[in-house]
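Chemist: Please read through the structure below; I'll follow up with questions.
Next comes the structure, spelled out in structure tokens:
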């Protein structure tokens, strides 16, 4: 249970200003959340067994070792029912000797008592936990988004561990890759207070594969790179010998002759087979302001002849994915928002 940020991407404290680093003897020990100018919420196991004078917090800094504002703890309150052996009621409050005054630090509201996260809700987890299990802690703040798992599945996954009604699980069962790790216990799990990591809400970002793992075009031969003036701009999907689908916002500028597609290659800028686009059909109801009906069909000059470029079937009109389904997202998007595009193909799996 002492696990927080495996996978994930670098984050700026400005966007997660409620996050603090809990220090023990001036060294990062756990995470915490600001709930008022003088109170911090953390995990009880982070502060059990130590002198109050040993603890302080660093607020308003993305760095684990510098910057921000350091304030000493003056009082620690444990939940009355906390039991170290079971980790049930694993919660504590830290009162500070003086209020937090730095600009990049603000409180976050708590959910009402007795309210639990809904299954399938996307949780935002931040902290400085290990990048790999047993590895070194991250020097800078990181963020990961994971879906909440049902209590039944949570208990089944931890069949030898007691999962009480005060606990919940988040992640993608059987897949992993984005999760929590050592070094950031006590940090916040936030639902409904961060922008979703989907290209629909950020149509001009080619950042669909934040996190993820390396893969090959042989695994997903229906994926193509959409080129404009011979440079990658978006992904596309082969649906027949001569047709591909992509997002309408990807093809709203430039002449048809400026577009082509690269099929059959794991790399973004070389290999495979490049074929010119001859026709673009945008959805009649596409709205660039809201990005609703954001789909377009591309007709190409000739069929792909390379082995690693084959079509995939598409679902019937009106059929949507069921809640809780595992989706696979593919492409060459940036590793972090605003970062550089990847040279090689990646995949990421998430739960709807």
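In this note's numbering, the protein residues as written are -13 to 338. We put the beta carbon where it would ideally sit given N, CA and C, even for glycine. What you are looking at is a predicted structure, and each value in this text was computed from that prediction instead of being measured.
1. How many Å lie between residue 318 and residue 106 at the Cα?
2. Where does residue 66 sit, in a helix, a strand or coil, going by DSSP?
3. Only counting runs of 3 or more residues, tell me where the beta strand (DSSP E) segments fall wholly within the region 27 to 56, in order along the chain.
4. From 255, 73, 15 and 64, pick the residue whose C-alpha is nearest to that of residue 147; which is it?
5. Tell me whether residue 244 sits in a helix, a strand or coil according to DSSP, three-state version.
6. Given this structure, state the Cα-to-Cα distance separating residue 92 from residue 151, to the nearest angstrom.
7. Beta-carbon separation of residue 343 and residue 225 under 8 Å?
8. If the criterion is Cβ atoms closer than 8 Å, does the pair residue 233 and residue 301 meet it?
9. If we count the other Cβ atoms within 10 Å of its Cβ and call it buried at 16 or more, is residue 202 buried or exposed?
10. Alpha carbon to alpha carbon, how far is residue 113 from residue 237? Give it in angstroms, no decimals.
11. So, with DSSP's three-state summary, where would you put residue 4?
12. Among residues of its own chain, excluding the 5 on either side of residue 63, which ones have a beta-carbon nearer than 6 Å to its beta-carbon?
13. Report the residue from 210, 88 and 104 whose alpha carbon sits nearest the alpha carbon of residue 289.
14. Rounded to the nearest angstrom, how far is the Cβ of residue 43 from that of residue 8, given a contact under 8 Å?
15. Residue 40 and residue 11 look like a contact to me (Cβ under 8 Å); what is the Cβ gap, rounded to whole Å?
16. Thinking C-alpha only, which one of 53, 157, 59 and 135 is nearest residue 343?
17. Where does residue 301 sit, in a helix, a strand or coil, going by DSSP?
18. Smallest Cα separation from residue 101: which of 275, 177, 2 and 248?
19. How many whole angstroms separate the CB atoms of residue 218 and residue 274, which I take to be in contact at a CB cut-off of 8 Å?
20. Specify the secondary structure class of residue 218 as computed by DSSP and reduced to three states.
21. Could you pull out every residue in the same chain whose Cβ sits closer than 6 Å to the Cβ of residue 17, ignoring the five residues on either side in sequence?
22. For residue 59 and residue 82, I'd like the C-alpha separation in whole angstroms.
23. Starting from residue 140, follow the alpha helix (DSSP H) in both directions and report where the run begins and ends.
24. Identify the residues that DSSP records as bridge partners of residue 128: which are they?
25. Suppose the cutoff is 7 Å on Cβ atoms and the five residues either side in sequence are ignored; what does the same chain contact list for residue 76 look like?
26. What's the C-alpha gap between residue 293 and residue 14?
Modeler: This is what the structure gives:
1. On the chain shown, position 332 is the one that residue 318 refers to. On the chain shown, position 120 is the one that residue 106 refers to. If you draw a straight line from the Cα of residue 318 to the Cα of residue 106, it comes to about 26 Å.
2. As a first step, residue 66 is located in the chain shown; it is residue number 80 there, counting from the start. DSSP places residue 66 outside both helix and strand once states are collapsed to three, so it counts as coil.
3. Annotation: the region 27 to 56 contains the following complete segments of the beta strand (DSSP E) (minimum length 3 residues), in chain order: 41 to 45.
4. Working through the chain shown from its first residue, we reach residue 147 at position 161. Looking only at 255, 73, 15 and 64, the smallest Cα-Cα distance to residue 147 is reached by 73.
5. By one-based count along the chain shown, residue 244 stands at place 258. Here residue 244 sits in helix by DSSP.
6. Position 106 of the chain shown, counting from 1, holds the residue named residue 92. Position 165 of the chain shown, counting from 1, holds the residue named residue 151. Those two C-alpha atoms are separated by around 29 Å.
7. Shown here, the chain extends from -13 to 338; a query on residue 343 therefore has no answer.
8. Along the chain shown, read from residue 1 onward, the residue named residue 233 stands at position 247. Along the chain shown, read from residue 1 onward, the residue named residue 301 stands at position 315. Cβ atoms of residue 233 and residue 301: not closer than 8 Å.
9. Counted from its first residue, the chain shown places residue 202 at position 216. Exposed.
10. Locating residue 237 in the chain shown gives position 251, counting from the first residue. Locating residue 113 in the chain shown gives position 127, counting from the first residue. Rounded to the nearest angstrom, the two C-alpha atoms are 38 Å apart.
11. Taking the first residue of the chain shown as position 1, residue 4 is located at position 18. Coil.
12. Locating residue 63 in the chain shown gives position 77, counting from the first residue. Apart from the 5 residues on each side of it in sequence, residue 63 sits with its Cβ closer than 6 Å to the Cβ of 79 in its chain, given in chain order.
13. The residue given as residue 289 occupies position 303 in the chain shown. Distances from the CA of residue 289 to each of 210, 88 and 104 were compared; the closest alpha carbon is that of 210.
14. Translated into positions along the chain shown, residue 43 becomes position 57. Translated into positions along the chain shown, residue 8 becomes position 22. A Cβ-Cβ separation of about 6 Å places residue 43 in contact with residue 8 under the 8 Å criterion.
15. Within the chain shown, the letter at position 54 stands for residue 40. Within the chain shown, the letter at position 25 stands for residue 11. Correct: roughly 5 Å between the Cβ atoms.
16. Given a span of -13 to 338 for the chain in the structure shown, any question on residue 343 remains unanswerable.
17. If you number the chain shown from 1, residue 301 lands on position 315. DSSP places residue 301 in coil when its eight states are reduced to three.
18. On the chain shown, residue 101 is found 115 positions in, with the first residue counted as 1. Closest by alpha carbon: 177.
19. The residue labelled residue 218 in the question sits at position 232 within the chain shown. The residue labelled residue 274 in the question sits at position 288 within the chain shown. Not quite, the Cβ-Cβ distance comes to about 21 Å (not below 8 Å), so this is no contact.
20. Here residue 218 refers to the residue found at position 232 of the chain shown. Secondary structure of residue 218 (DSSP, three-state): strand.
21. One-based indexing of the chain shown puts residue 17 at position 31. Cβ contact annotation for residue 17 (same chain, cutoff 6 Å, sequence separation greater than five): 113, 170, 172 and 173, in chain order.
22. Along the chain shown, read from residue 1 onward, the residue named residue 59 stands at position 73. Along the chain shown, read from residue 1 onward, the residue named residue 82 stands at position 96. So the two alpha carbons sit approximately 4 Å from each other.
23. As a first step, residue 140 must be located in the chain shown, where it is residue number 154. That run of the alpha helix (DSSP H) goes 137 to 143.
24. To locate residue 128, count along the chain shown from 1; it is residue 142. Residue 128 pairs with -4 and 113.
25. Start at 1 with the first residue of the chain shown, and residue 76 comes out as number 90. Here the set comprises 29, 30, 31 and 68.
26. Numbered from 1 along the chain shown, position 307 holds the residue referred to as residue 293. Numbered from 1 along the chain shown, position 28 holds the residue referred to as residue 14. Using only the alpha carbons, I get a separation of about 52 Å.
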